[in-house]
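S.K.: Sending over a structure as structure tokens; questions will come in a sec.
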């Protein structure tokens, strides 16, 4: 069993101004593990991608709640970002690099690829009509 | 964000600052496109030296401006790309089509 050191939950409306709020809040929470600047940057970028996905894809025409649930262990952070929006019909396809349904909004289709590269693990669960949950974790100061 | 015009050389230089995400990129995009359409530069330079944060919205922003610059008869160069930003840009493969200059 991993030893849980701390835990937090955050809920906010899917407004694009909250992208910066979310990544800064999670980075501040993660700082309790004394991460490197590089590790903090990886976490901020990954949170930004996941939250942006909720805002653009989960609630394209409405505003809904985005939830963040994060846990700190001895040398690891786990971050769960979820919504109760539209859901993703084909998660595997959505995770492909450069795949986007919002090319008209100049979205690059790199969100999940960045999360995968910057975190140590990424799990995406989605049910159409019910919402999506992204769970990612990263080892901090592993060496 | 600071915009410099070099009239003789027909160069449009845009110095981006702070954070580039989905929220901020819309305003940046509108401004740069306005300048390109007005000035029709031979070369557009996007300088990232003062950017503190960038996620995948930056990739979309750069590809989009590359297309607009091209449509108005110019080219695009991205300058002063630091390690972190470079990692994100290279992941997308855009360095294969756009001239990306890293921090010396």
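Protein chains in written order, with this note's numbering: chain R, 1 to 143; chain V, 1 to 104. Heads up, the beta-carbon is just placed ideally off N, CA and C, and yes, glycines get one too. Being a predicted model, the structure only gives us computed values, none of them experimental.
Does the stretch 15-27 of chain V come within contact of the stretch 108-125 of chain R, defined as at least 3 CB pairs closer than 8 Å?
M.R.: No, the stretch 15-27 of chain V is not in contact with the stretch 108-125 of chain R.
S.K.: Who are the near neighbours of residue 81 of chain R in its chain, counting only those whose CB is closer than 6 Å to its CB and skipping five residues on each side?
M.R.: Hits under 6 Å: 50, 68 and 134.
S.K.: For my contact list, residue 130 of chain R and residue 84 of chain R are in at a C-beta cut-off of 8 Å; report their separation, rounded to the angstrom.
M.R.: About 7 Å; that satisfies the 8 Å criterion.
S.K.: With H, G and I counted as helix, E and B as strand and the rest as coil, what does DSSP make of residue 131 of chain R?
M.R.: Correct three-state label for residue 131 of chain R: strand.
S.K.: Which word fits residue 58 of chain R, buried or exposed, when buried means at least 16 other C-beta atoms lie within 10 angstroms of its C-beta?
M.R.: Buried, by the Cβ-count rule.
S.K.: Which residues of chain V have a Cβ atom closer than 9 Å to the Cβ of residue 55 of chain R, listed in chain order?
M.R.: The contacting residues are 22 and 23.
S.K.: Which residue wins for smallest C-alpha separation from residue 145 of chain R, given the options R:52, R:62 and R:37?
M.R.: Nothing about residue 145 of chain R can be read from this structure; chain R reaches only from 1 to 143.
S.K.: Once DSSP output is grouped into helix, strand and coil, what is the label at residue 140 of chain R?
M.R.: Note: residue 140 of chain R maps to coil in three-state DSSP.
S.K.: Could you tell me which chain V residues have their CB closer than 7 Å to the CB of residue 117 of chain R, listed as they occur along the chain?
M.R.: Ordered by position in chain V, the residues that pass the 7 Å Cβ test against residue 117 of chain R are 91.
S.K.: Nearest to residue 48 of chain V by alpha carbon, out of V:8, V:84 and V:94?
M.R.: Checked all of V:8, V:84 and V:94; the closest Cα to residue 48 of chain V is V:84.
S.K.: Where residue 37 of chain V and residue 68 of chain V are concerned, what is the direct C-alpha to C-alpha distance, given to the nearest angstrom?
M.R.: C-alpha separation (whole angstroms): 9 Å.
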